Amino acid sequence: MNDTRTRARTRTPRAAAAAAAALVLAGVVTAAGPATAATGCTPRIQVLGSIGSGGYQVGNPQTEGVLGLGTGTLSVGLSGGRPVYWTGTRLHKVPLPDATASGAVLAVNKGGLMVGAVHGADDYLFTYRAGDAAVTRLPGSDFLYADADVNDAGYVVSATRAGLGIVWKDGVKVRDLPLPAGAAPGTRVEFVTGVNGKGDVLGMAHEDYEVPETGEHREGTYPVLWPAGGGPAQALSGTANESHVQDIDESGRVVGYDWNGMGYRYQPSVWAPPHPGPVGAPGVLKTHPYGTLEAITPTTNVSVGTAKFHPDEQTLPDQAQLWPGTGPVLALPRLAANQASAASSAADDGRVGGVAVNAAGTLKPVIWTCATKQAYLPG
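Residue numbers (my numbering): 133 to 511.
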């Protein structure tokens, strides 16, 4: 896992007030009923520069977002559907060979090494550092899903359309990620979503096969951990439906969600070491029936994600949420009353990155500073 991490899967609509304790003033939001306090930090919502002008897309990927948080004021993500990074609030476009291509910077490590994805006529992953004249294309990569990560040692991980999990270092492929022992015929690596500082790699495998003896058709996805040092892949315990694992911290703690696609039901989930073990369920934000955990801080056990309704039943707009590791899931303040927000990255210094809709209805990339001070339990 890098100094932050990310996964942007966000959504929107109507609303009432779950955030009664929020005060919105000049783009700075503070909330009553703080969670744990961070020292030397001013709670606010920092609105970053953007090149897009769209709104929040309920049930679909967003065109804006802070997907990774680097050292100091460096953050990365996308704006207007293009890969960008920020220093403070200032936006910088990543120089691509095709200036019209879309994509995102997906993660960044403490040393400033970014990993991103480009999609269009030619799909690929790239690495980049601020100030470089061009991106470095990763050999053998393509862009199936917006999932890739980089750790502080510079190892980049992702999966390909062919169902392979791959590790790169210094622009060179260094390892294929094997399937767990006993994997069914035709099983493939579907996602690779995270890597921590030790080198533990996180992902998901998909099986789709027929049992020869009975003719039974079995299909499903399950989480996989590839331990640091090249040890054998471990299949983690599954949730009731599909287990989507999104991030891993330095202790090996994994966060994600259980997903029932037919009902669009998301439930936050946690896999605590040692693995495999039972799956924990932190619960949902009390104002929303569903929710995700998209990222966890490297060492402070703070997880973030998004509280949701079904896209066709938007009683309240989506809302960025935070789980401090114990107790209930908490809300992060909205940028504007009755407008959607989502969280997708988190750092040990208290920053949380994501998106939020302003009073004019425009989607903006944002950072909540000292987020645990702002997080609150809705009334």
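Glycine is no exception: its CB is placed at the ideal position from the N, C-alpha and C atoms.
These figures come from a predicted structure and were not determined experimentally.
Reducing DSSP to helix, strand and coil, say where residue i ends up.
i, result
"Lys301", "strand"
"Thr438", "strand"
"Thr174", "coil"
"Gln506", "helix"
"Ser473", "strand"
"Ala360", "coil"
"Thr221", "coil"
"Tyr260", "strand"
"Gly159", "Residue placement at Gly159 cannot be trusted, given a pLDDT of 31 that sits under 50; the coordinates are not used to answer."
"Ser207", "strand"
"Gln194", "coil"
Is residue i buried or exposed, if buried means 16 or more other CB atoms sit within 10 Å of its CB?
i, result
"Met394", "exposed"
"Glu445", "exposed"
"Asp264", "exposed"
"Thr174", "exposed"
"Glu345", "exposed"
"Arg176", "buried"
"Pro215", "buried"
"Asn328", "buried"
"Pro355", "buried"
"Lys225", "exposed"
"Thr458", "exposed"
Apart from the five residues on each side of it in sequence, which residues of its chain come closer than 6 Å, Cβ to Cβ, to residue i?
i, result
"Gly295", "Arg320 and Val321"
"Ala152", "Reliability fails at Ala152, whose pLDDT of 22 lies under 50, so the model's placement of it is uncertain and no value is given."
"Asn490", "Leu467, Ala468 and Lys496"
"Leu270", "Leu257 and Trp300"
"Gly213", "Thr195 and Ser234"
"Tyr260", "Val226, Met246 and Val267"
Are the Cβ atoms of residue i and residue j separated by less than 9 Å?
i, j, result
"Val247", "Ala280", "yes"
"Thr325", "Val288", "no"
"Tyr398", "Lys330", "no"
"Gly243", "Phe275", "no"
"Pro405", "Val461", "no"
"Leu210", "Val190", "no"
"Val387", "Pro400", "yes"
"Asp332", "Leu357", "yes"
"Tyr508", "Pro456", "no"
"Met336", "Ser375", "yes"
"Arg350", "Ala315", "no"
"Ala478", "Val487", "no"
Only counting the same chain, and skipping five residues up and downstream in sequence, which positions put a Cβ closer than 8 Å to that of residue i?
i, result
"Ala313", "Pro364 and Ala365"
"Asp251", "The residue asked about is misnamed: residue 251 is His in this sequence, not Asp. Around His251: Ala233, Ser234, Gly235 and Phe275."
"Gly347", "none"
Leaving out five residues before and five after residue i in sequence, what residues of the same chain have Cβ atoms less than 7 Å from its Cβ?
i, result
"Ala147", "For Ala147, the pLDDT reaches just 24, beneath the cut-off of 50, and the residue's location in the model is therefore unreliable, leaving the point undetermined."
"Thr432", "Asp480"
At which residue ranges does the region 277–353 contain complete beta strand (DSSP E) runs of 3 or more residues, listed in the order of the chain?
Qualifying beta strand (DSSP E) stretches, in chain order: 280–282, 287–291, 297–301, 304–309, 320–327 and 333–342.
Start-end ranges of the beta strand (DSSP E) lying completely within the region 475–502, minimum 3 residues:
Runs found: 484–489 and 495–501.
Of all the beta strand (DSSP E) runs that stay within the bounds of the region 372–447, which reach a length of 3 or more residues?
Counting only runs of 3 or more residues that sit fully inside the region 372–447, the beta strand (DSSP E) segments are 374–380, 386–392, 397–403 and 435–440, in chain order.
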